[in-house]
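Worksheet: one structure, shown below.
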Amino acid sequence: MTLGKNAEASEPLALYIHWPFCVSKCPYCDFNSHVRANIDQEAWRAAILADLAHEAKLLPGRELTSIFFGGGTPSLMDPATVAALIEAAGKHWSIADKIEITLEANPNSVEAERFADLASAGINRVSLGLQSFDNRSLAFLGRAHSAREGFAALSTAQKHFGRVSFDLIYGLPGDTEDSWSVTLAQALTLGTRHLSLYQLTIEAGTRFASMVARREFEPLDADAAAALYELTDAMTLEAGLPAYEISNHARPGQESLHNLTYWRYGDYAGVGPGAHGRRLGMRTVRHKKPENFLGGLKRNGHGIVEEAPLSPLEGADEALVMGLRLTEGIDAVAIAERFGREAIVDWKKVDRLVAFGHLERNGSRIVPTAAGRLVLDHILGAIARDEDSTSAVAARRLESAAA
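Each residue of the sequence shown is one higher than the one before, starting from 0 at the first, in numbering that gives the first Met the number 0.
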């Protein structure tokens with residue numbers, strides 16, 4: 000059974016395009032990124048266009064509300080490739096009047112020089128990976144730009160794009176409430192209407208994970224990290240950029256439309272090496288390694304390595320997990336009805352967490368409080384109705400670890 004296939008066929012669509020290449024691999028990064036000495040831009044333009052055409056055949060008649068170029072480092076793409084992909088998307092689907100077209104960019108000077116051409120290609124929103132304003136922190140994070148280059152790139156981006164966001168990473172070893180408050184206060188003066196503020200997470204398989212295992216540095220402890228999160232929440236709210244998702248903050252109306260599609264569990268097509276997609280009740284995964292992606296495309300006419308139906312349990316569980324990342328929360332009854340389930344949460348446990356101050360409830364709508372967002376993994380597992388759900392399994396794992 001594929002869930003919601005007929006109902007979702009008329010729904011809006013988002014498009015994710017993955018550019019897998021980087022100049023270097025950052026030690027904290029677990030994204031699908033690869034370093035190659037030479038990149039044939041024309042060959043990759045043709046490849047991703049072909050992969051896009053495959054998705055379009057499966058999704059006729061949809062309206063495209065957003066396009067997101069991620070990576071990797073998509074600001075390394077030839078602007079002509081960006082323009083060709085945007086043009087092709089417009090031929091495959093109808094385009095929403097206020098379509099959001101975002102590109103992730105690094106702030107080194109070489110890439111910033113492309114901003115005018117990228118704007119001409121059709122990009123109207125840029126997400127800039129500043130990560131820090133401190134050169135020592137940038138070196139620790141393995142970033143290839145300086146603080147000065149970061150500020151210059153931000154200024155250039157604001158000249159060329161109507162909407163600009165930037166990322167910062169906090170919770171580095173040695174970060175304190177005083178040091179982070181100075182950085183965040185500076186960030187809030189820089190004129191952007193959207194900020195992505197991520198706590199440093201040590202992901203398995205990264206160079207940082209190996210360094211921690213060798214005790215080359217010690218991550219910030221949980222209490223200190225929680226204090227920084229609460230400080231972030233308070234400062235951004237006071238400045239008029241409240242959190243609308245755990246790590247994302249925006250002035251009202253400036254939220255990322257593309258990412259809201261993910262979190263609200265809408266359909267999105269994913270093309271390019273390593274891209275994930277979710278459409279018509281199916282999940283899709285492309286080959287990660289660029290060479291394998293090209294091989295699959297040559298054999299099959301697409302880069303898909305995995306395509307499988309989402310069961311009603313999987314879909315409902317994922318919609319619960321994704322939706323509770325948002326400060327708007329979820330309508331639990333609507334999700335249950337969408338996936339043909341009696342219920343997706345245990346309402347007695349929901350009400351218990353309301354009493355504890357971790358959730359708010361208005362009828363069938365459940366909203367995590369600021370305190371609840373600090374322990375969201377536990378909440379998700381605690382309220383999940385089905386014992387075999389991803390959320391419930393995660394909760395039991397957390398309880399075992401605590402014991």
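Don't be surprised by glycine CBs; every beta carbon is placed ideally from N, CA and C.
**Study point:** Length of the line joining the Cα atoms of residue 353 and residue 117
**Key:** 47 Å
Check your understanding: Should residue 51 and residue 94 be called a contact, given that it needs their Cβ atoms to be closer than 7 Å?
Key -> no
Point to revise | Residues near residue 18 by beta carbon distance below 6 Å, same chain, minus five either side | key: 70, 71, 73, 76
Exercise for review: Determine which residues share a DSSP beta bridge with residue 198 and list them.
Suggested key: 169
Point to revise | residue 407 in three-state terms, based on DSSP | key: The question about residue 407 has no answer here: the residues shown for the chain are numbered 0 through 402.
Practice item. Could you tell me whether the region 227 to 236 touches the region 40 to 56, where touching means 3 or more Cβ pairs closer than 8 Å? Key: no
Review point. Between the C-alpha atoms of residue 49 and residue 299, what's the straight-line distance to the nearest angstrom?
Key: 11 Å
Check your understanding: Taking 7 Å as the CB-CB limit, is residue 296 close to chain D?
Key -> Protein chains in the displayed structure number just one, and chain D is not present.
Practice item. Determine the contact status of residue 270 and residue 286, defining contact as a CB-CB distance below 7 Å. Key: no
Review point. Among residues of its own chain, excluding the 5 on either side of residue 374, which ones have a beta-carbon nearer than 7 Å to its beta-carbon?
Key: 357
Point to revise | When 324, 306, 273 are compared against residue 291, the one with the closest alpha-carbon | key: 273
**Study point:** Contacting residues, own chain, Cβ-Cβ under 8 Å from residue 348 (five flanking each side not counted)
**Key:** 381, 382
Practice item. Take residue 23 as the anchor and find which of 59, 33, 187, 227 has the nearest alpha-carbon. Key: 33
Exercise for review: Please confirm whether residue 278 and residue 309 have their CB atoms less than 7 Å apart.
Suggested key: no
Review point. How many whole angstroms separate the CB atoms of residue 260 and residue 13, which I take to be in contact at a CB cut-off of 8 Å?
Key: 4 Å
Practice item. With DSSP as the reference, please indicate the residues paired to residue 270 in a beta bridge. Key: 16
Check your understanding: Cβ atoms of residue 254 and residue 267: under 7 Å apart, would you say?
Key -> no
Exercise for review: Determine which residues share a DSSP beta bridge with residue 101 and list them.
Suggested key: 67, 124
Point to revise | residue 215 versus residue 195 - alpha carbon distance | key: 28 Å
Check your understanding: Distance, Cα to Cα, residue 179 vs residue 280?
Key -> 42 Å
Practice item. Would you grab the beta carbon distance between residue 201 and residue 160 for me? Rounded to a whole angstrom, and I think it's under 8 Å. Key: That belief does not hold up - the Cβ atoms of residue 201 and residue 160 are roughly 32 Å apart, past 8 Å.
Check your understanding: Under three-state DSSP, which class holds residue 34?
Key -> coil
Exercise for review: Please classify residue 78: is it buried, with 16 or more other beta-carbons within 10 angstroms of its beta-carbon, or exposed?
Suggested key: buried
Practice item. Flag this pair as touching only if the region 96 to 104 and the region 136 to 146 have three or more C-beta atom pairs under 8 Å; answer yes or no. Key: no
Exercise for review: Within 10 angstroms of the Cβ of residue 176, are there 16 or more other Cβ atoms? Answer buried if so, exposed if not.
Suggested key: exposed
Review point. Do you know whose CA, among 96, 97, 65, lies nearest residue 84's CA?
Key: 65
Exercise for review: Note down, in chain order, each residue of its chain lying with its Cβ closer than 7 Å to the Cβ of residue 107, except the 5 sequence neighbours on either side.
Suggested key: 143, 144, 148
Exercise for review: Could you give the DSSP three-state label for residue 344: helix, strand or coil?
Suggested key: strand
Check your understanding: In three-state terms, what does DSSP make of residue 244?
Key -> strand
Check your understanding: Can you tell which of 82, 288, 88 has its C-alpha closest to the C-alpha of residue 60?
Key -> 88
Practice item. Please go through the same chain and pick out, in chain order, the residues whose beta-carbon is closer than 7 Å to the beta-carbon of residue 168, but skip the five residues on each side of it. Key: 130, 131, 140, 197, 199
Practice item. List the whole-angstrom C-beta distance separating residue 379 from residue 332, where the pair is believed to meet the contact cut-off of C-beta under 8 Å. Key: The pair is not a contact, with the Cβ atoms about 18 Å apart (cut-off 8 Å).
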